[in-house]
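Sequential numbering of the sequence shown, starting at 102, is according to the numbering used here. Positions of the beta carbon are idealized from the N, C-alpha and C atoms, including for glycine. So the structure is just underneath, and the comments pick up after that.
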Amino acid sequence: MAVQTRVKVAKTEASKNEKYGGLGRDTLIRLYRTMYLSRKLDDREIQLKRQNKIYFQISSAGHEAVTAVMGLLLRPGVDWVYPYYRDRALCLMLGVTPLEMLLQAVGAKDDPSSGGRQMPSHFGHPRFNIPSKSSCTGTQFVHAVGAAEATLYYEQHPKALAQAKKAPLGELAKYGADEIVYVSSGDGATSEGEFWESLNAACIKKLPLLYLVEDNGYAISVPVEVQTAGASIAKLVKSFPGLHVAEVDGTDPMESYLVCQEAVNYCRERRGPALIHAKVTRPYSHSLSDDEKLYKSPDEREGEAHRDPLSKYALFLVREGLLDQKQIEAIEAQVEHEVRQAADQALAAEPPAVESIYDNMYSPDVDPTSAAFAAEPHLHGAQKTMVEMVSATLNDEMSRDERITVFGEDVADASREENLKEVKGKGGVFKATAGLQRKYGSTRVFNTPLAEASIVGRAIGMATRGLKPVPEIQFFDYIWPAMMQIRDELCTLRWRSNGSFKCPMVIRVAIGGYLTGGAIYHSQSGESIFTHTPGMRVVMPSTALDVAGLLRTAIRCDDPVMFLEHKHLYRQPYNRSEYPGPDFTIPFGKGRVVKEGTDVSIVTYGAFVHRAEVAAAQLQREGISAEILDLRSLSPYDWDGICATVRKTHRVIVAYEDMLSWGYGAELAARIADELFGELDGPVKRIAATDTFCAYQPKLEDAILPQSDAVVAAVKQLLEY
Ligand SMILES: Cc1ncc(C[n+]2csc(CCOP(=O)(O)OP(=O)(O)O)c2C)c(N)n1
Ligand SMILES: [Mg+2]
């Protein structure tokens, strides 16, 4: 209700005061107060940093006018807000308090943004729909796209909203009729690929997404003409279809109000995305770790000082007779008192308990390793290959849960729906998503532009708002553009917001070699890079039955999951299974003993499981009994299962397809040597690929990727100890 009143007030005032950009006296004064409060909070933090009472500072100085204005136009708790670190005035206007900001600066337990985990000005607040911002420049653009996609999705799928409300953190699953999504950045961050990927997606989908580019002329020391061709981002983006583009002096609150209001309305009316390019200043250097005198001339700095929004605006208010000098001083004294009180309170605040460091690494609500996920298969129907099992499982889960969206490169049957009457449909380069668009429609299953960072980033935005995205990365070899989205965003969101936000999803990735001709760019492994990233679950099934059980657990889990589907295994006859039913799940972290044995243990996963079986059969013929443990899930992994097999055979080989050095087996070998040393009758051996890439010529591929005979040789060597 309060929100609606704000908007009405602004409109009424507008009719009375056209000359002030439509703003009435009270609002004009409120703007000054917020801008001054923002500046004083920066000043206080700078002082505290110099006293070593806080540990980092980055200011919003010079950006206060346009951001405070934006705070007037956005609806707190209705619109979704992806601000960057110079949006203090916006956050204050939305309702974040000075105390909350200073609690983050001191790293307090009660810092609502992060519980002492993130630097100050890394805003985040569940009540105001501000998902915690990371330090990465530009990553937020694609999250905002995903959030705006969620707006349109909830409009069309009310059942998904109802289901999202019932899930953990369901209070974040909300939808307002004309809500919009706001995202901001500096001029420098517009050079990031995600900026361009996001604009492309936002214009393709006509999303209600408002961009504010706060151009202070520099990205640390790099001036805008070196950053942006032609030195104007507005000029560059003008040809994006349907994008409303406006330029404004962001140091002028009234001009900013008119320009921002038009853009906000454009988005609210669902006419498409809008971008405002606001020229602002940066009087305090980049951060407290920077000294702009090293690269800005004295003239330049003086020119900027004349454009300072705060002093200009105070002068304006007095000149217009809206406030006299005394009244200005009274407001300033009041603000300074408020900041002093907040700082005193923040300095007395308790730090987080050291034991809390593991909190919110993973979901506290759903434990995918628990017995709740141990279900019996009800096998029926024809034998299915692994890839058929992927689509069968997705199909069942999508009919159960309308929050699930499936997207990526080529995953749809046919983007041109009219063609579906005449064609069979693509459904993925491996057919893993075949038929899903036809059955569930193009809002739930769709092709994206060829842009991996935004595939994952958009999923993050959707998942933050309660959807359950299941994006596909077509080949593991091409996951790298999404690396920062995965490692710095996806895996950190729950932890860095101390549990206020989350983005559970399943990233399906086709991985692995043994393809005969797959070469460097269609054969890569690299799972240890992701198991080395906390916050995510990594699973890698080797049979069709395990695909069904683990993919379902992945979807029902409340954490981000990387689901690695080995391409070589997709259509093998030896790992097929009948369908185990719509409720079959397998807990994460539980391996499967593929073959019992007594002389040696082979711990493995993925495509190497079958190679280990071939080796074990040969060893058996020679009177050697090998036990094979298929880990199935790599993070978490089945340590109990490893202990049990090592205690049984006292000899262990860790075998995996990736390159030997720094690979997944290094961690297992180290832990076994450390914790099971007393059980071992020989060294822990590793079998893996050579420390090279995988070559195209089959003879080279055979030499590079590990084969069964390597297992046989290693076992014989081990038995000699
Ligand atoms: C991906 C990434 N690269 C580099 C940095 C280091 N960095 C932090 S801010 C910044 C400059 C940003 O400039 P701009 O976007 O113009 O924003 P401004 O600070 O000027 O408001 C850089 C290079 C980062 N945080 N993230
Ligand atoms: Mg800048």
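Would L732 be called buried (16 or more neighbouring beta carbons within 10 Å of its own) or exposed?
It is buried - the Cβ of L732 has at least 16 other Cβ atoms within 10 Å.
So, helix, strand or coil for D409, using DSSP?
D409 falls in the coil class under three-state DSSP.
Does the Cβ of H387 lie closer than 7 Å to at least one heavy atom of ligand 1?
H387 Cβ: within cutoff of ligand 1.
Would you please state the rounded distance, in angstroms, between the beta carbons of G225 and S601? I believe it to be under 8 Å.
Sure, about 7 Å apart at Cβ, within 8 Å.
At 4 residues or longer, what runs of the alpha helix (DSSP H) sit wholly inside the region 519-552?
If we require 4 residues or more, the alpha helix (DSSP H) runs fully inside the region 519-552 come out as 537-541.
Ligand 2: which residues have Cβ under 6 Å from any of its heavy atoms, chain order?
With the cut-off at 6 Å, the residues found are G287, D288, G289, N317, Y319 and A320.
Which one of G526, S398 and Y385 has the shortest CA to CA distance from G163?
Of G526, S398 and Y385, the residue nearest in Cα terms is Y385.
Closer than 7 Å to a non-hydrogen atom of ligand 1 - does that hold for the CB of T746?
Incorrect: T746 has no Cβ contact closer than 7 Å to ligand 1.
Within the present structure, is the beta-carbon of G239 separated from the nearest heavy atom of ligand 1 by less than 7 Å?
At least one heavy atom of ligand 1 is nearer than 7 Å to the Cβ of G239, so yes.
Does ligand 1 have even one heavy atom less than 7 Å from the beta-carbon of S236?
Yes - ligand 1 has a heavy atom lying nearer than 7 Å to the Cβ of S236.
Determine the direct distance from the alpha carbon of D684 to that of E758, and round the result to whole angstroms.
Their backbone Cα atoms lie some 31 Å apart in a straight line.
Using 8 Å for Cβ pairs, my map puts F531 next to A611. What's the rounded Cβ distance?
Rounded, the Cβ-Cβ distance is 6 Å, consistent with contact.
Along the chain, which unbroken stretches of the beta strand (DSSP E) at least 3 residues long are found entirely within the region 697-743?
The qualifying runs are 701-705, 727-731 and 734-736.
Distance check for P232 and W740, CA to CA, integer angstroms please.
Distance between the alpha carbons of W740 and P232 is about 35 Å.
Identify which residue in Q586, I630, I703 and S139 has its Cα closest to the Cα of G562.
For G562, the nearest C-alpha among the options comes from Q586.
Among the candidates G690, R151, C304 and A745, whose CA atom is the shortest distance from the CA of V701?
Answer by Cα proximity: A745.
Answer yes or no: do P799 and T617 have a C-beta to C-beta separation smaller than 8 Å?
Yes; because the gap between Cβ atoms is below 8 Å, this pair is in contact.
Between K112 and Q362, what straight-line distance do the alpha-carbon atoms span, to the nearest angstrom?
Residue placement at K112 is flagged as unreliable, the pLDDT there being 45, under the threshold of 50; a coordinate-derived value is accordingly withheld.
Which full runs of the beta strand (DSSP E) of 3+ residues lie inside the region 751-796, going along the chain?
Taking only runs of at least 3 residues, the beta strand (DSSP E) segments lying wholly in the region 751-796 are 753-760 and 786-790.
Taking the alpha-carbon positions, what's the D121 to Y358 distance?
For clarity, residue 121 is Tyr in the given sequence; the question names Asp instead. Using only the alpha carbons, I get a separation of about 9 Å.
Should E405 be listed as close to ligand 1, given that the test is whether its C-beta is under 7 Å from any heavy atom?
For ligand 1, not one heavy atom lies less than 7 Å from the Cβ of E405.
Along the chain, which unbroken stretches of the alpha helix (DSSP H) at least 4 residues long are found entirely within the region 472-504?
Here the runs fully enclosed are 487-501.
Taking 7 Å as the limit between beta carbons, can you name the residues of its chain near G289, skipping five residues before and five after?
Once the five neighbours on either side are set aside, the close Cβ partners of G289 are T238, A320, V323 and Q328.
First and last residue of the alpha helix (DSSP H) that includes P354?
Here the alpha helix (DSSP H) through P354 covers P354 to R369.
So the candidates are Y186, A190 and Y185; which of them puts its Cα closest to the Cα of L173?
The candidate whose alpha carbon is nearest that of L173 is A190.
Leaving aside the five residues before and after Q818 along the sequence, list all residues of the same chain whose C-beta is less than 8 Å from its C-beta, in chain order.
Cβ neighbours of Q818 beyond the five flanking positions: K786.
Which word fits K260, buried or exposed, when buried means at least 16 other C-beta atoms lie within 10 angstroms of its C-beta?
Flag for K260 reads exposed.
By alpha-carbon positions, which one of D511, A248 and Q257 ends up nearest to F547?
Taking only the C-alpha atoms, the option nearest F547 is D511.
In whole angstroms, what separates the C-alpha of E370 from that of P309?
Cα-Cα distance, rounded: 8 Å.
What do you get for S500, buried or exposed, if any count of 16 or more other CB atoms within 10 angstroms of its CB means buried?
The residue in question, S500, is exposed, as its Cβ has fewer than 16 Cβ neighbours within 10 Å.
Would you identify the three-state DSSP class for T617, choosing helix, strand or coil?
Reduced to three states, the DSSP call for T617 is coil.
Have a look at L820 and V755 and give me their C-alpha separation to the nearest angstrom.
If you take the alpha carbons of L820 and V755, they lie about 15 Å apart.
Which of the three DSSP states, helix, strand or coil, is assigned to F602?
Note: F602 maps to coil in three-state DSSP.
Tell me whether D511 sits in a helix, a strand or coil according to DSSP, three-state version.
The answer is coil: DSSP assigns D511 none of H, G, I, E or B.
Taking its Cβ as the centre, do 16 or more other Cβ atoms sit within 10 Å of S340, making it buried, or is it exposed?
Classification for S340: exposed.
Could you spell out where the beta strand (DSSP E) holding S809 opens and where it closes?
Per DSSP, S809 belongs to no beta strand (DSSP E); it is in the alpha helix (DSSP H), S809 to L820.
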